[in-house]
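Using my numbering, the first residue of the first sequence is number 1427, and each one after it goes up by one.
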Amino acid sequence: MAKTFYVTTPIYYPSGKLHIGNTYTTVLCDMLRRYKEMRGYDTYYLTGMDEHGKKIETVAEERNLPPSEHVDEIAEQTRALWDRMQISYDDFIRTTEKRHKTVVQKIFEQLLEQGDIYLGTYEGHYCMHCEAFFTESQLGEGATCPDCGRETSKLKEESYFLRLSKYEKQLLKFIEDNPDFITPESRRNEVLEFIRQGLNDLSVSRTTFDWGIKVISNPKHVVYVWIDALSNYLSALGYLTDDDSLYKKYWHGDEVVHVVGKDILRFHAIYWPIMLMALDVPITFRLHAHGFYMMKEGKMSKSKGGVIYPDTLMERYGLDELRYFLLRELPYGGDGVFTPETFVERINYDLANDFGNLLNRTVSMINKYFDGKVTAFSKEGTDYDASLRETCEQTIKEYTENIEELKVAEAIRSVWKLISRTNKYIDETTPWILGKDDSRRAELENVLYHLSESLRFIGVLLRPILLDASESLFRQLGIPQKLRGFDTLEFGTLDAVETVSKPSPLFPRLDVEEEVEKLQRIIRGDDAEESEESDEEKATIEDFVKLDVRVARVVDSKAHPNADKLLVLQVDIGGEQRQIVAGIAKHYDSKELIDKHVAVIANLEPVTLRGEKSEGMLLAGSNDDELEVLTLDGLNPGDKIQ
RNA sequence: GGCGGCGUAGCUCAGUUGGUCAGAGCGUUCGGUUCAUACCCGAAAGGUCAAGGGUUCGAAUCCCUUCGCCGCUACCA
């Protein structure tokens, strides 16, 4: 029986167009799946969409569509994108599907019965934008969302909670006992540290919106994101249904890998295992949290450094080029940078010059010297032959070890070492000199055979990465289907090569300057086709007039006794004195602002920050490294700002 | 503030358990070659391995301190 391999992407939340940062996960999983397939595994690749929640409800409303139609549309677009990218997924699950809902409801009820979920009331800060409650410890006693920075409102709501605290010790032990459970190690450490600080029970239901899975025993609640979304990994396999054969086969199989971006590490490393423990389902998966592709200026976003979409790159440069770049440029455990320069240079140097040209010159020579047919293989050979063969063997080893550890960029690099070695082999053996001497024909044929065999190795190893190019390589060298498998990678297995009569370049060379410029335009959004609506929400004038912004004179100021970023200011707002705590200590000395006239929001709900009362908010402008408090020394304390 | 990590050639980074570890790729300069998509191959220049101190016969590699940067976390509305 073949070993099994089950690989998953997160299910994507349809809030924006998928850019190359998002698609990386999917391409990585696709590559892993193809690799395992090639190694003879029985594989299953799951991806899908997370389609519930307030945000979807709202967007659908704005579009004047029922939410179901809205998500149908997006799901269709997403599937179409994966199809264009030749993603080899086996199943595409949507949380709005009946097969998923039923399972989630069963899971919820079971956990409720067992007491792992309990009904409580939540009194706390709620962020409308993130649809999330934050506990006191998460938010401290501030009033904004730790995720998005937007203002939260105090809400008292009935909510179900998942008892995380009960499983804290068990989870900690599991992670400690399984060093490979979470990779890379740095992420694992973060998780351990987070658990050690103690887990708060997790709110897992909402009553503030309808677009979600109803709690059967209490339908005014809908199941909130964690239990809904994470369950997809099981529901798609038929867990808790009449036919759970896939679940038995793959979840209880040999290898299960969840690949996620680092932003959702915690949910997969903590909440998901705890859910499984509570359900008495074995934790068979390992979790890999990769970094992101950034633009040079920072995070990929429309407002900041610009965005680049997979379609753009695919249409202009090709799928293999895109896959190669993505898989090759993201360093293990870190973030990657997309720049037009590196993208174009990778294509030219690695794909066109080193790899494509290697095939091209080999095919040309076989045609030129042997009319396209080569058969000989001399075991005696030269030192160069032996060295090349050795590199082939070594490459398989490095490649395999790296992929198994999910170090795909390293794996790819090891193949390129072989490509370089093979180019060098041509220089060492100088076939063009051998070609001038009839007595050395056997030698020449042996050289060309070695080149073909090396290229066959390269083609096989790159099959999971370069879909068209590997195929084209086999075709151009006339390598039969049965010699394209990983298990045929033994030097000398190839009986004969019969090349096509005229080689065709695998990758066209690009005009660097021209393409870089083109890409820069696209990223900036200057290209007509790429113009996009802004992500930003609009505030109405009503929103603004709610704020009472006033000029205040700083009367006194001291460092917060118990927080290094805070200053405690006494301000005069035209007769009334107040205390305001502001997070500006990194940028202002405690005395620096005294007597300055600053801008404050006067009608904020007072909060206590690290033990000091704050009755307002100081306005300041900032970027990544600078911060400047707004000063209006020409106006008097109490004057209104609007 | 707590925890983790990083700071190595102009640029991007490799460097497992301390002793050919001072490296690779790109860039630069020079040279070779012509089978090839003007490609490929080779050579050279470039670093007091962030700074200071310590352990050791010997440290980029271990320990301490300082500075700078990143991630998570707490505090910043």
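Glycine included, every Cβ here is placed at the ideal spot set by N, Cα and C.
Tyr1719 - partner residues in DSSP beta bridges: Under DSSP, Tyr1719 takes part in a beta bridge, and its partners are Gly1762.
Label Thr1609 either buried or exposed according to how many other C-beta atoms from any shown protein chain fall within 10 Å of its C-beta, with 16 as the threshold for buried. Thr1609 is buried by the Cβ-count criterion.
With a threshold of 6 Å on Cβ separation, who are the neighbours of Tyr1470 within its own chain once the five nearest residues in sequence on each side are excluded? Excluding sequence positions up to five before and after Tyr1470, its CB lies within less than 6 Å of the CB of Tyr1432, Asp1516 and Tyr1676, all in the same chain and listed in chain order.
In the stretch 1657-1699, which residue ranges form an unbroken beta strand (DSSP E) of at least 3 residues, counting only runs that do not cross its ends? Listed in chain order, the complete beta strand (DSSP E) runs (minimum 3 residues) inside the stretch 1657-1699 are 1681-1687.
May I ask you to verify whether the stretch 1825-1832 touches the stretch 1793-1807, counting CB pairs closer than 8 Å and requiring at least 3? The answer is no - the stretch 1793-1807 does not touch the stretch 1825-1832, with fewer than three Cβ pairs under 8 Å.
Taking Asn1774 as the reference, which of Met1791, Val1886, Val1763 and Leu1748 has the closest Cα? Out of Met1791, Val1886, Val1763 and Leu1748, Leu1748 has the C-alpha closest to the C-alpha of Asn1774.
Residues near Gly1760 by beta carbon distance below 8 Å, same chain, minus five either side: Result list for Gly1760: Gly1717, in chain order.
In whole angstroms, what is the alpha-carbon distance linking Glu1502 and Leu1491? The alpha-carbon atoms of Glu1502 and Leu1491 are separated by roughly 16 Å.
Length of the line joining the Cα atoms of Val1938 and Arg1459: Rounded to whole angstroms, Val1938 to Arg1459 spans 33 Å at the Cα level.
Under three-state DSSP, which class holds Gln1512? Of the three classes helix, strand and coil, the one that applies to Gln1512 here is coil, per DSSP.
Can you tell me the Cα-Cα spacing of Pro1931 and Lys1688, whole angstroms? Answer to the nearest angstrom: the Cα atoms are 38 Å apart.
Distance CB(Leu1713)-CB(Val1686) smaller than 8 Å: With respect to Val1686, Leu1713 sits close: the two C-beta atoms are nearer than 8 Å.
Using 8 Å as the cut-off, can you tell me whether the stretch 1906-1924 makes contact with the stretch 1461-1476, which would need three or more C-beta pairs spanning the two stretches below that distance? Segments in contact, yes.
Along the chain, where does the alpha helix (DSSP H) containing Ile1437 start, and where does it finish? Counted as a single uninterrupted DSSP element, the stretch harbouring Ile1437 is not any alpha helix (DSSP H) but the beta strand (DSSP E) occupying residues Thr1430 to Tyr1438.
Does Leu2114 come out as helix, strand or coil in the three-state DSSP assignment? Summary: the structure shown does not reach residue 2114, with the chain confined to residues 1427 through 2068, and so no result is reported for it.
Spatial neighbours of Trp1842 within its chain, please: CB distance less than 7 Å, with the 5 preceding and 5 following residues excluded, ordered by chain position. Setting aside the 5 residues that flank it on each side, Trp1842 is surrounded in the same chain by Asp1776 and Asp1780, each with a C-beta closer than 7 Å to its C-beta; the list follows chain order.
Based on the DSSP secondary-structure assignment, which residues constitute the bridge partners of Tyr1444? First, the amino acid is wrong: residue 1444 is Leu here, not Tyr. Per DSSP, Leu1444 has no beta-bridge partner at all.
Length of the line joining the Cα atoms of Asn1604 and Val1630: The straight-line gap from Cα to Cα measures roughly 28 Å.
Considering only their Cβ atoms, is the gap separating Ile2020 from Gly2042 smaller than 8 Å? In terms of Cβ geometry, Gly2042 and Ile2020 do not form a close pair [threshold 8 Å].
Would you decide whether Asn1448 is buried or exposed? Buried here means 16 or more other CB atoms lie within 10 Å of its CB. Looking at its Cβ environment, which holds 16 or more other Cβ atoms inside 10 Å, Asn1448 is buried.
Please report the distance separating the alpha-carbon of Pro1436 from that of Leu1691. Whole-angstrom Cα-Cα distance: 11 Å.
Spatially closest choice to Phe1534 from Leu1656, Val1923, Glu1831 and Ala1715, by CA coordinates: Checking every option, the nearest Cα to that of Phe1534 belongs to Leu1656.
For Asp1654, which of Lys1850, Trp1698, Asp1706 and Tyr1851 has the nearest alpha-carbon? Shortest Cα-Cα distance from Asp1654 to any of Lys1850, Trp1698, Asp1706 and Tyr1851 involves Trp1698.
Residue closest to Val1942, alpha-carbon to alpha-carbon, out of Ser1927, Ile1709 and Arg1772: When each option's Cα is compared against that of Val1942, the closest is Arg1772.
Are Leu1860 and Leu1870 close, meaning C-beta to C-beta below 8 Å? In this structure, Leu1870 lies closer than 8 Å to Leu1860 by Cβ.
Quick one: what does DSSP say Asp1913 is sitting in, helix, strand or coil? Asp1913 sits in a helix when the DSSP states are folded into three classes.
Delimiting residues of the alpha helix (DSSP H) encompassing Ser1898: Start and end: Leu1893 to Leu1903.
Quick one: measure Cβ to Cβ for His2023 and Leu2045, integer angstroms, because I've assumed they're closer than 8 Å. That belief does not hold up - the Cβ atoms of His2023 and Leu2045 are roughly 12 Å apart, past 8 Å.
DSSP beta-bridge partners for Tyr1851? Tyr1851 pairs with nothing; no bridge assigned.
Beta-carbon spacing of Thr1521, Met1475 below 8 Å: Less than 8 Å divides the Cβ of Thr1521 from the Cβ of Met1475.
Taking only the alpha-carbon atoms, compute the straight-line gap between Lys1722 and Ser1612 and give it to the nearest angstrom. CA-to-CA, the gap between Lys1722 and Ser1612 works out to about 24 Å.
Which word fits Ala1868, buried or exposed, when buried means at least 16 other C-beta atoms lie within 10 angstroms of its C-beta? Ala1868 is exposed by the Cβ-count criterion.
Cβ neighbours of Leu1625 in the same chain (closer than 6 Å, five flanking residues each side left out): Only Leu1590, Ser1591 and Glu1594 meet the Cβ criterion.
Tell me which same chain residues have a C-beta within less than 6 Å of the C-beta of Asp1811, skipping the five on either side of it? Here the set comprises His1876.
With a 10 Å radius around its C-beta and 16 neighbouring C-beta atoms as the bar for buried, classify Gln2068 as buried or exposed. Counting Cβ neighbours within 10 Å, Gln2068 comes out exposed, since fewer than 16 surround it.
Determine the DSSP secondary structure at Asp2015, reduced to helix, strand or coil. DSSP places Asp2015 outside both helix and strand once states are collapsed to three, so it counts as coil.
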